[in-house]
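The structure under discussion appears below in the form of structure tokens.
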Amino acid sequence: MPQYAVDECRPRPRSSTRPDPGRAGVLAAALAALLMSATAGADELKPFEASYAWEWRGMTVAVSNLKLEKRSGDTWTYSSKSEPRGLGRLLSERPKTVSVLRVTSAQVEPLSYKGDDGTGSTRRKVDVEYDWEKHRVTGVYEDTPVDLPLTPGVQDEASVQVALMVELLRGHTPERFELLDKNSVREYSYVREGEETLKTPFGDVATVIYRSHRANSPHVNRYWCAPGRGYIPIRVQQKRGDDVQWTMEIQSLRRE
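To get the working numbering, take the position in the sequence shown, counting from 1, and add 347.
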């Protein structure tokens with residue numbers, strides 16, 4: 348949000364201490380213009396398509412393509428698909444996910460989440476449905492039957508990425524998200540850690556760093572989100588203690 352200069356020139360003392368209706372009207376008009384300008388400059392959730400290089404021990408082992416599409420009204424689709432590169436070709440996995448969600452004025456509500464690793468095995472397959480009228484989430488998550496109460500704010504691994512962007516676009520830094528994990532829900536805390544400008548194939552990009560962590564877990568995720576590009580992550584990294592497990596670096600971005 349732009350910073351507005353303050354006029355430090357002091358008016359001459361008036362002979363009367365009574366309020367000046369004319370001056371009050373000018374002040375009200377100025378405040379209204381200021382608020383309209385700030386609102387006009389605000390960003391919003393927009394469709395985008397981005398590709399990322401997955402790095403493991405300094406080597407690119409896969410490329411992931413993420414796409415956010417608007418379907419109709421307040422319903423969106425968020426999908427991802429990964430293809431191996433280099434040593435990654437030795438593995439049989441070709442992970443893909445599709446999340447259908449609704450973005451309301453209050454929150455992001457996932458409607459369905461489907462995914463598999465491309466091997467045909469059910470061990471990594473996910474197929475769950477969210478019923479916000481009956482307040483239940485049901486389905487199968489990696490061979491585990493799912494049947495849980497559905498409470499406001501619950502997300503999955505895909506929808507939480509959109510929920511984070513939406514919260515940041517609305518000027519909020521979320522303190523926590525609850526994520527579906529098989530037939531349970533786990534809480535993850537979110538903390539803003541600082542800022543960093545990253546070099547990308549399309550130039551230097553200013554980012555804000557957010558850390559995500561679950562209590563009693565050795566893993567910590569960090570997201571380098573770009574305010575000037577709708578808070579889309581430019582880098583995502585997971586660490587276990589001081590050891591970097593993997594890093595996603597953006598390669599291309601197209602945003603409507």
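The beta-carbon is built from N, C-alpha and C at its ideal position, and this holds for glycine as well.
Item to complete: Compute the distance between the beta-carbons of Thr444 and Ala510, then report whether it is under 8 angstroms.
Response: Against the sequence shown, residue 444 aligns to sequence position 97. Against the sequence shown, residue 510 aligns to sequence position 163. For Thr444 and Ala510, no; Cβs fall outside 8 angstroms.
Item to complete: Give, in chain order, every unbroken run of the beta strand (DSSP E) that is at least 3 residues long and sits entirely within the segment 461-540.
Response: 473-478, 483-488, 491-496 and 523-527
Practice prompt. Under 8 angstroms Cβ to Cβ from Glu476, same chain only, skipping five residues before and after it: list those, please.
Written response: Counting from one through the sequence shown, the residue named residue 476 turns up at place 129. Here the set comprises Leu458, Ser459, Val484, Thr485 and Gly486.
Worksheet item: Regarding Ser411 and the ligand ATP, is the C-beta to nearest heavy atom distance less than 7 angstroms?
Response: Annotation note on the ligand ATP: not contained in the displayed structure, which lists no ligands.
Item to complete: Take Arg471 and list the residues in its own chain whose beta-carbon comes closer than 7 angstroms to its own, dropping the five residues that flank it on each side.
Response: As a first step, residue 471 must be located in the sequence shown, where it is residue number 124. If the five residues before and after Arg471 are omitted, its C-beta is found closer than 7 angstroms to the C-beta atoms of Asp463, Asp464 and Glu489, all from its own chain and listed in chain order.
Worksheet item: Does the Cβ-Cβ distance between His566 and Arg587 come in under 8 angstroms?
Response: By one-based count along the sequence shown, residue 566 stands at place 219. By one-based count along the sequence shown, residue 587 stands at place 240. Contact: yes.
Discussion item. Less than 8 angstroms between the beta carbons of Trp593 and Glu402, yes or no?
Written reply: Along the sequence shown, one-based indexing puts residue 593 at 246. Along the sequence shown, one-based indexing puts residue 402 at 55. Taking 8 angstroms as the Cβ cut-off, Trp593 and Glu402 qualify as a contacting pair.
Item to complete: Taking only the alpha-carbon atoms, compute the straight-line gap between Asp474 and Lys461 and give it to the nearest angstrom.
Response: Here residue 474 corresponds to residue number 127 of the sequence shown, with the count starting at 1. Here residue 461 corresponds to residue number 114 of the sequence shown, with the count starting at 1. Rounded to the nearest angstrom, the two C-alpha atoms are 4 angstroms apart.
Worksheet item: What three-state label does DSSP hand Pro394 in the structure shown?
Response: The residue you call residue 394 lines up with position 47 of the sequence shown. Pro394 falls in the coil class under three-state DSSP.
Item to complete: Take Leu415 as the anchor and find which of Leu545, Ala562 and Ser446 has the nearest alpha-carbon.
Response: Position 68 of the sequence shown, counting from 1, holds the residue named residue 415. Of Leu545, Ala562 and Ser446, the residue nearest in Cα terms is Ser446.
Worksheet item: Can you name the start and end residues of the beta strand (DSSP E) that Thr451 belongs to?
Response: Residue 451 sits at position 104 when you count from the first residue of the sequence shown. Run containing Thr451: none; DSSP gives neither H nor E here.
Worksheet item: What's the gap between the Cα of Thr498 and the Cα of Pro580?
Response: Locating residue 498 in the sequence shown gives position 151, where the first residue counts as 1. Locating residue 580 in the sequence shown gives position 233, where the first residue counts as 1. About 27 angstroms.
Discussion item. I'd like the list of long-range same chain contacts for Asn530, defined as Cβ closer than 6 angstroms, with 5 residues on each side in sequence excluded.
Written reply: Here residue 530 is taken as the residue at index 183 of the sequence shown, counted from 1. Cβ neighbours of Asn530 beyond the five flanking positions: Thr491 and Val493.
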